[in-house]
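Protein chains: 2
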Amino acid sequence: VRLLERNRRTLREQGIRWRITGVANRRIGWISDANGLDLEPILQGTPARPGIRTQDIRGWLKASAADVLFEASSLNPSDGQPAIDHIRAALETGAHAITANKGPLVHAYEELRSLAAAKQRSFLFESTVMDGMPIFSLFQRDLPLVCLKGFRGILNSTSNLILSGIESGLSYEQSLEQARQLGVAETDPGHDVDGWDAAVKTAVLIRVLMGHAIELGEVEREGISRLKEEAIRAARTQGRPYKSLCQAWREDGRVLARVSPQQIPLSDPLAWVEGTSSMVEFETDLLPGFAIREDHPGVDATAYGMLSDFVRAVGPPAQAAGGDATAGGDGEVQS
Amino acid sequence: VRLLERNRRTLREQGIRWRITGVANRRIGWISDANGLDLEPILQGTPARPGIRTQDIRGWLKASAADVLFEASSLNPSDGQPAIDHIRAALETGAHAITANKGPLVHAYEELRSLAAAKQRSFLFESTVMDGMPIFSLFQRDLPLVCLKGFRGILNSTSNLILSGIESGLSYEQSLEQARQLGVAETDPGHDVDGWDAAVKTAVLIRVLMGHAIELGEVEREGISRLKEEAIRAARTQGRPYKSLCQAWREDGRVLARVSPQQIPLSDPLAWVEGTSSMVEFETDLLPGFAIREDHPGVDATAYGMLSDFVRAVGPPAQAAGGDATAGGDGEVQS
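Residue numbers (our numbering), protein chains in the order written: chain A, 79 to 413; chain B, 79 to 413.
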């Protein structure tokens with residue numbers, strides 16, 4: 079919301095006007111006002127709650143008269159719910175759906191993509207992998223004819239932070255606590271240290287960019303928790319530090335994938351990805367050694383991914399680079 | 079041409095059919111056949127030359143009935159000619175112009191962009207910096223609202239190769255000769271080792287991505303040739319190797335820029351960019367530490383940049399990611 083506010087004028091110059099007509103989370107429930115909510119009380123966390131209250135996603139979308147849904151519920155690796163229901167409901171009622179939640183992509187990507195196409199709405203998810211880095215847009219719009227053969231990358235901040243902490247002398251528990259205090263690790267860090275978060279991201283990249291409907295269970299998964307602290311420190315001293323590596327490759331008409339701690343030599347750029355940074359190297363048929371890196375992102379980077387999806391969904395169509403972009407109609411968007 | 083051939087079926091599936099109706103270079107002059115040239119004799123270098131002959135770019139474009147110009151003449155840093163004339167003529171006669179030549183961007187970017195917009199044609203140049211890496215498309219289409227504050231990068235292969243050679247014990251002359259044998263260095267390597275090539279790329283990124291019409295002469299420029307071989311080797315031994323670094327930053331409403339050899343610590347990913355690889359780190363307001371790397375590209379990577387521009391120019395409009403792309407009309411393109 080703050081990023082939307084900050085970019086209000088620039089968005090208007092591109093023909094995009096907006097107002098927030100609904101907000102929902104576990105704490106406040108489903109709140110709507112089709113004329114626009116006063117968000118300050120909500121952002122401040124005060125008890126005064128504006129708007130009318132509904133009971134579920136469909137009632138809420140209707141009361142909000144939403145054109146766009148921003149879905150940012152937390153990851154449920156086992157079945158992707160309730161995020162899938164939220165997105166399905168939005169698309170069915172004719173709203174664009176933007177999500178930062180990876181679960182729906184692993185469990186219902188093909189269904190939701192088809193639904194979006196049938197409804198001529200956008201289903202966008204740029205924030206799900208590497209925050210706001212435009213990985214999906216890049217492959218789907220800017221790399222025509224390219225076939226993605228595989229990738230390797232470091233995609234889980236918490237594991238990366240914990241390994242760095244242990245290398246610097248902390249115990250596993252101390253290092254995890256430090257990651258928590260930095261606001262990176264969840265209260266239950268199992269998704270991270272057992273490799274679930276990275277496995278889900280790997281599966282998402284495979285489904286969307288490699289066109290193979292891999293099941294999450296097919297991603298071989300080994301967390302960092304099985305590593306001994308001494309081994310982690312020794313590996314760093316030897317110049318081949320451990321990193322939690324995501325890998326995917328094509329083999330016999332299938333895509334195979336693995337998330338596992340691996341020792342990486344310092345001559346490999348992936349060895350230098352520290353803390354909350356991430357990096358993916360893509361192996362393609364036409365672009366040798368194409369890699370994207372993101373350094374020390376904060377929550378703003380995720381928010382930017384959702385904002386950029388918003389512009390893709392409701393903004394003027396993308397122009398081939400070089401021409402002067404011309405804004406579309408001055409439509410008003412309710413989200 | 080070989081890359082176009084190889085992708086003929088995939089292009090047709092996207093509604094793009096093409097034939098080559100004109101070829102021109104210093105050796106064979108201006109050759110056209112609006113019904114399509116038989117390119118094998120030209121690709122094989124045999125003396126039998128098909129087509130009708132014209133005298134200049136305008137006669138040639140007309141005889142070729144060209145819809146798209148692929149401009150790949152060599153860099154002229156001093157005034158960007160004759161490439162500017164080629165591109166101007168193409169746009170004026172209603173053809174899209176695609177160039178791999180940086181000169182026109184430094185000397186006539188704003189004029190050519192306006193001309194393209196007025197003619198509703200595309201003026202595209204993805205191959206000019208980092209070969210086929212989609213830097214320009216990325217910023218112009220996939221990073222809405224982002225402001226580029228500056229960048230640092232390694233963009234000249236020859237300098238990078240020569241430095242690596244000297245570090246491994248070769249003399250400057252031997253190392254240059256090795257780069258020549260690899261087909262990377264020009265016969266006259268002055269553009270590379272004196273920093274001209276890197277300065278032109280820096281100026282192009284500034285003009286196109288930072289919106290500041292910097293003159294080439296404003297880019298502070300220092301080549302690698304002033305470095306002593308011993309100093310280069312000592313720097314490597316100390317773990318702070320020399321790299322020819324391109325930098326740009328905003329200051330007092332202007333953009334300042336510099337190309338110079340600098341010592342870079344091994345903890346900086348740029349220190350690990352070797353040989354013909356390249357990398358740019360972008361400093362933006364919204365995406366922390368966004369970087370793109372390309373590893374050991376060959377001539378195919380440059381060709382891919384032009385091919386991807388071709389798809390942008392004549393293919394179906396880019397879809398927001400997530401929707402199913404639908405092909406446009408089955409138009410035939412002559413280029």
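Glycine residues also receive a C-beta, built at the ideal position from the N, C-alpha and C atoms. Fair warning: this is a prediction, and the values are worked out from it, not measured in the lab.
Report the CB separation of GLY210/A from TYR382/A in whole angstroms; it is logged as a contact under 8 Å.
Against the first sequence, residue 210/A aligns to sequence position 132. Against the first sequence, residue 382/A aligns to sequence position 304. Contact holds; Cβ gap of about 4 Å.
Which residues of the region 205–234 of chain A have a Cβ closer than 7 Å to any Cβ of chain B? Give them in chain order.
GLY210, MET211, PRO212, PHE214, SER215, LEU216, GLN218, ARG219, ASP220, LEU221, PRO222 and LEU223
Mapping the DSSP letters down to three states, classify ASN85/A as helix, strand or coil.
Here residue 85/A refers to the residue found at position 7 when the first sequence is read from its first residue. ASN85/A falls in the coil class under three-state DSSP.
On the premise that MET288/B lies in contact with VAL333/B, defined as a C-beta separation below 8 Å, what is that separation, rounded to the nearest angstrom?
Start at 1 with the first residue of the second sequence, and residue 333/B comes out as number 255. Start at 1 with the first residue of the second sequence, and residue 288/B comes out as number 210. Yes, they are in contact, since the Cβ atoms of VAL333/B and MET288/B sit about 5 Å apart, within 8 Å.
Got a sec, what are the start and stop residues for the alpha helix (DSSP H) ARG285/A sits in?
Numbered from 1 along the first sequence, position 207 holds the residue referred to as residue 285/A. Here the alpha helix (DSSP H) through ARG285/A covers 274–287.
Under a three-way DSSP split, which group does HIS185/A fall into?
Locating residue 185/A in the first sequence gives position 107, counting from the first residue. HIS185/A falls in the helix class under three-state DSSP.
Count the other C-beta atoms from every protein chain shown that fall within 10 angstroms of the C-beta of PRO125/B, then say buried if there are 16 or more, exposed otherwise.
In the second sequence, the residue the question calls residue 125/B occupies position 47. Burial call: exposed.
Would ALA167/A and LEU139/A be called neighbours here (beta carbons separated by less than 7 Å)?
To locate residue 167/A, count along the first sequence from 1; it is residue 89. To locate residue 139/A, count along the first sequence from 1; it is residue 61. In this structure, LEU139/A lies closer than 7 Å to ALA167/A by Cβ.
Mind checking whether ILE232/A and MET357/A have CB atoms under 7 Å apart?
Taking the first residue of the first sequence as position 1, residue 232/A is located at position 154. Taking the first residue of the first sequence as position 1, residue 357/A is located at position 279. Yes, the Cβ-Cβ distance between ILE232/A and MET357/A is below 7 Å.
Quick check: is the beta carbon of ARG328/A nearer than 7 Å to any beta carbon in chain B?
Sequence index remark: in the first sequence, residue 328/A carries index 250 (1-based). Not one chain B Cβ lies under 7 Å of ARG328/A.
The region 366–382 of chain B: which residues have C-beta closer than 8 Å to a C-beta of chain A, in chain order?
PRO366, GLY367, PHE368, ALA369, ILE370, ARG371, GLU372, ASP373, HIS374, PRO375, GLY376, ASP378, ALA379 and TYR382
Find the nearest neighbour of GLY243/B within the set SER237/B, SER253/B, THR236/B and SER235/B, judged by alpha-carbon distance.
By one-based count along the second sequence, residue 243/B stands at place 165. Closest by alpha carbon: SER253/B.
In or out: ASN179/B buried (at least 16 other Cβ within 10 Å) or exposed?
Residue mapping note: residue 179/B aligns to position 101 of the second sequence, counting from 1. Burial call: buried.
Just to confirm my understanding: we take ARG191/A, look at its own chain, exclude 5 residues before and 5 after, and list those with CB closer than 7 Å. What are they?
Translated into positions along the first sequence, residue 191/A becomes position 113. These residues qualify, in order along the chain: PHE201.
Considering GLN325/A, what are the terminal residues of the beta strand (DSSP E) in which it resides?
Translated into the one-based positions of the first sequence, residue 325/A becomes position 247. Residues 320–329.
Check whether the Cβ atoms of ARG127/B and ILE106/B sit closer than 7 Å, and answer yes or no.
Reading the second sequence from its first residue, position 49 is the one you call residue 127/B. Reading the second sequence from its first residue, position 28 is the one you call residue 106/B. Yes. Within cutoff.
Below-7 Å beta-carbon distance, PRO182/B vs any chain A residue
As a first step, residue 182/B must be located in the second sequence, where it is residue number 104. False, the Cβ-Cβ gap to chain A never drops below 7 Å.
GLU293/B, buried or exposed, once every other Cβ within 10 Å from all chains shown has been counted against 16:
By one-based count along the second sequence, residue 293/B stands at place 215. By the neighbour-count rule (16 or more Cβ atoms within 10 Å), GLU293/B is not buried but exposed.
Confirm, please, whether the CB-CB distance from VAL351/B to ALA277/B is below 7 Å.
The residue given as residue 277/B occupies position 199 in the second sequence. The residue given as residue 351/B occupies position 273 in the second sequence. Their beta carbons are not under 7 Å apart, which means ALA277/B does not touch VAL351/B by this criterion.
With which residues is GLN341/A paired in a DSSP beta bridge?
Against the first sequence, residue 341/A aligns to sequence position 263. Partner(s): TYR320/A.
Can you pull the DSSP bridge partners for THR124/B?
Taking the first residue of the second sequence as position 1, residue 124/B is located at position 46. DSSP lists no partner for THR124/B.
Excluding sequence positions up to five away, which residues of its chain have a Cβ less than 6 Å from the Cβ of ARG299/B?
Numbered from its first residue, the second sequence carries residue 299/B at position 221. The residues are GLY273, ALA277 and VAL337.
Beta carbon of PRO222/A nearer than 7 Å to that of SER355/B
By one-based count along the first sequence, residue 222/A stands at place 144. By one-based count along the second sequence, residue 355/B stands at place 277. Contact: no.
If you count every other CB in all the chains shown that lies within 10 Å of the CB of SER156/A, and 16 or more means buried, which is it?
Working through the first sequence from its first residue, we reach residue 156/A at position 78. Label assigned to SER156/A: exposed.
Give the secondary structure of ALA398/B by DSSP, where H, G and I count as helix, E and B as strand, and everything else as coil.
Here the question's residue 398/B lines up with position 320 in the second sequence. Caution is warranted here: a pLDDT of 49 is assigned to ALA398/B, below 50, making its placement in the model unreliable, and the coordinate value is therefore given only provisionally. DSSP places ALA398/B in coil when its eight states are reduced to three.
Would you check if there are 3 or more beta carbon pairs closer than 8 Å linking the region 362–373 of chain A to the region 236–251 of chain A?
no
Suppose the cutoff is 6 Å on Cβ atoms and the five residues either side in sequence are ignored; what does the same chain contact list for PRO343/A look like?
Counting from 1 along the first sequence, the entry for residue 343/A is found at position 265. The residues are ARG318.
Tell me, please, whether the CB atom of TRP460/A is closer than 7 Å to any CB atom in chain B?
A query on residue 460/A cannot be resolved here, the shown segment of chain A reaching from 79 to 413 and no further.
Could you name the residues that DSSP lists as bridge partners for SER356/A?
Start at 1 with the first residue of the first sequence, and residue 356/A comes out as number 278. According to DSSP, SER356/A bridges with GLU372/A.
Suppose the cutoff is 6 Å on Cβ atoms and the five residues either side in sequence are ignored; what does the same chain contact list for ILE240/B look like?
For the purposes of this step, residue 240/B is taken as the residue at position 162 of the second sequence. Within the same chain, ILE240/B has close Cβ partners SER253, LEU254 and ALA257.
For GLU170/B, collect the residues of the same chain with a Cβ closer than 8 Å to its Cβ; drop the 5 residues on either side in sequence, then sort them by chain order.
Locating residue 170/B in the second sequence gives position 92, counting from the first residue. So the list reads LEU193 and LYS197, once near-sequence residues are dropped.
Is the shortest distance between the beta-carbon of THR88/B and the beta-carbons of chain A less than 7 Å?
Counted from its first residue, the second sequence places residue 88/B at position 10. With 7 Å as the cut-off, THR88/B counts as an interface residue toward chain A.
State yes or no: is the beta carbon of VAL262/A nearer than 7 Å to at least one beta carbon in chain B?
The residue you call residue 262/A lines up with position 184 of the first sequence. Answer no: the Cβ-Cβ gap between VAL262/A and chain B never drops below 7 Å.
Under DSSP, the alpha helix (DSSP H) around HIS269/B begins and ends at which residues?
Taking the first residue of the second sequence as position 1, residue 269/B is located at position 191. From DSSP, the alpha helix (DSSP H) with HIS269/B extends over 268–271.
Using a Cβ-Cβ cut-off of 7 Å (strictly less than) and excluding sequence neighbours within five positions of ALA399/A, which residues of its own chain qualify?
In the first sequence, counting from the first residue as 1, residue 399/A sits at position 321. Unreliable positioning characterises ALA399/A in this predicted model, as indicated by a pLDDT of 41, which lies under 50. A coordinate reading is not provided.
Any beta carbon of chain B sitting closer than 7 Å to that of PRO343/A?
Here the question's residue 343/A lines up with position 265 in the first sequence. So no, PRO343/A is outside the interface.
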